[in-house]
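Numbering (the numbering used here), first residue to last: -2 to 326.
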């Protein structure tokens, strides 16, 4: 099964997660790109899972391009439903998506598979009431000197705080717990922030040009990520050959350890000594005008239209009705 001109693609976007606005931007951009690539596009915007499943059930599209970020669109539930309905869709299967969305689970797999990742402690909302969360966080700050507090199941830097001192802890925990009942307190890794698009095509897995992220002020926040002009992106990143080899190895290993397919975006820190430390894997990364995967693809010589076309083509080939190799992981 291959994508041809005239292939009908339903683009799924919207949702009710904190990343809804990003999803709306991604969905509109993908619709335009696929139309430019000669495909027929069916935009499916929904707020709830039930509404989206009704739309999918009534659709006659050949493939479903997932542009739902966060919550049920990215945590494997939508992917599992599409598998049960026998529908072809883009990206990773339900297990990989669930593992990538749950940062605690993904970090556990990274450790098991030898993928470098920062040390962390894990908190549940029940611990916030009895003071246990604050105590564990203070101990982490004392041990690591600088920490990152973030919800376990959110992307787009939603609910993330970098903490330098004890008075900042309470507010940072409150913010993170407002988005998820599970929170990660992670060692902050000094160095450069980089992101890597892992790409599968024609039976091979590799990476697209690496991006180095340099916010014009402070850290790479939600505002810096999605406001034009607030961040400088160096692509290809200024890496030595050895650094690039280490980064590629870590990114592909992280992608593979979760069972990701087609493509993913791996976010990491690169220490001053040139060693990568994987933060997380994104199975449904942003596809807006300021998003990172399109920037990386552009550096490889692909326009946005070509990127979207390749995602559809590769996903259709991997999920042909004969072999169905991507159901599950």
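Idealized CB from N, CA, C, for every residue including glycine.
Contact set for residue i: own chain, Cβ-Cβ below 7 Å, skip 5 residues either direction
{"i": "residue 322", "result": "Residue placement at residue 322 is poorly supported in this model, since its pLDDT is 40, which falls under 50; the coordinates still yield a value, given next. 315, listed in sequence order."}
{"i": "residue 343", "result": "Nothing can be reported for residue 343: it is not among the residues displayed for the chain, which extend from -2 to 326."}
{"i": "residue 186", "result": "115, 266, 268 and 274"}
Cβ shell of residue i (< 6 Å), same chain only, five flanking positions each side left out
{"i": "residue 42", "result": "10 and 11"}
{"i": "residue 91", "result": "73, 76 and 77"}
{"i": "residue 251", "result": "112, 263, 275 and 278"}
{"i": "residue 301", "result": "30 and 291"}
{"i": "residue 306", "result": "34"}
{"i": "residue 70", "result": "12"}
{"i": "residue 46", "result": "69"}
{"i": "residue 136", "result": "none"}
{"i": "residue 134", "result": "166 and 182"}
DSSP three-state assignment for residue i, whether helix, strand or coil
{"i": "residue 59", "result": "coil"}
{"i": "residue 142", "result": "coil"}
{"i": "residue 209", "result": "strand"}
{"i": "residue 181", "result": "strand"}
{"i": "residue 216", "result": "coil"}
{"i": "residue 16", "result": "coil"}
{"i": "residue 175", "result": "coil"}
{"i": "residue 270", "result": "coil"}
{"i": "residue 187", "result": "coil"}
{"i": "residue 148", "result": "strand"}
{"i": "residue 3", "result": "coil"}
{"i": "residue 203", "result": "strand"}
{"i": "residue 326", "result": "Because the pLDDT at residue 326 is just 45, under 50, the model does not fix this residue reliably, and the value given afterwards should be weighed accordingly. If DSSP states are grouped into helix, strand and coil, residue 326 belongs with coil."}
{"i": "residue 54", "result": "helix"}
{"i": "residue 47", "result": "helix"}
{"i": "residue 11", "result": "strand"}
Whole-angstrom distance between residue j and residue i, CA atom to CA atom
{"i": "residue 31", "j": "residue 248", "result": "27 Å"}
{"i": "residue 6", "j": "residue 97", "result": "25 Å"}
{"i": "residue 68", "j": "residue 233", "result": "31 Å"}
{"i": "residue 52", "j": "residue 267", "result": "43 Å"}
{"i": "residue 216", "j": "residue 66", "result": "22 Å"}
{"i": "residue 115", "j": "residue 167", "result": "22 Å"}
{"i": "residue 182", "j": "residue 170", "result": "9 Å"}
{"i": "residue 214", "j": "residue 82", "result": "47 Å"}
{"i": "residue 192", "j": "residue 128", "result": "35 Å"}
{"i": "residue 95", "j": "residue 165", "result": "31 Å"}
{"i": "residue 108", "j": "residue 125", "result": "27 Å"}
{"i": "residue 87", "j": "residue 146", "result": "31 Å"}
{"i": "residue 85", "j": "residue 298", "result": "27 Å"}
{"i": "residue 16", "j": "residue 61", "result": "20 Å"}
{"i": "residue 132", "j": "residue 36", "result": "55 Å"}
{"i": "residue 285", "j": "residue 19", "result": "7 Å"}
{"i": "residue 199", "j": "residue 121", "result": "42 Å"}
{"i": "residue 93", "j": "residue 289", "result": "21 Å"}
Residue span of the alpha helix (DSSP H) that contains residue i, given as start and end
{"i": "residue 253", "result": "238 to 254"}
{"i": "residue 308", "result": "301 to 315"}
{"i": "residue 71", "result": "68 to 71"}
{"i": "residue 293", "result": "289 to 296"}
{"i": "residue 43", "result": "Premise fails: residue 43 lies in the beta strand (DSSP E), 37 to 43, not in any alpha helix (DSSP H)."}
{"i": "residue 78", "result": "74 to 81"}
Boundaries (first-last residue) of the beta strand (DSSP E) holding residue i
{"i": "residue 265", "result": "260 to 267"}
{"i": "residue 234", "result": "Element bounds for residue 234: n/a, residue is neither H nor E."}
{"i": "residue 286", "result": "Here residue 286 belongs to no beta strand (DSSP E), and DSSP marks it neither H nor E."}
{"i": "residue 64", "result": "Segment: none, residue 64 is in no beta strand (DSSP E) and carries neither H nor E."}
{"i": "residue 160", "result": "158 to 160"}
Residues of its chain near residue i, where Cβ-Cβ distance is below 8 Å and the 5 sequence neighbours each way are ignored
{"i": "residue 202", "result": "195, 196, 249, 252 and 253"}
{"i": "residue 39", "result": "5, 6, 7, 8, 56 and 58"}
{"i": "residue 3", "result": "35, 36 and 37"}
{"i": "residue 149", "result": "99, 100, 101, 119, 177, 179, 180 and 181"}
{"i": "residue 48", "result": "none"}
Practice item. Please specify which runs of the alpha helix (DSSP H), each continuous and at least 4 residues long, are wholly inside the stretch 84 to 139, giving them in chain order. Key: 91 to 98, 100 to 110 and 122 to 126
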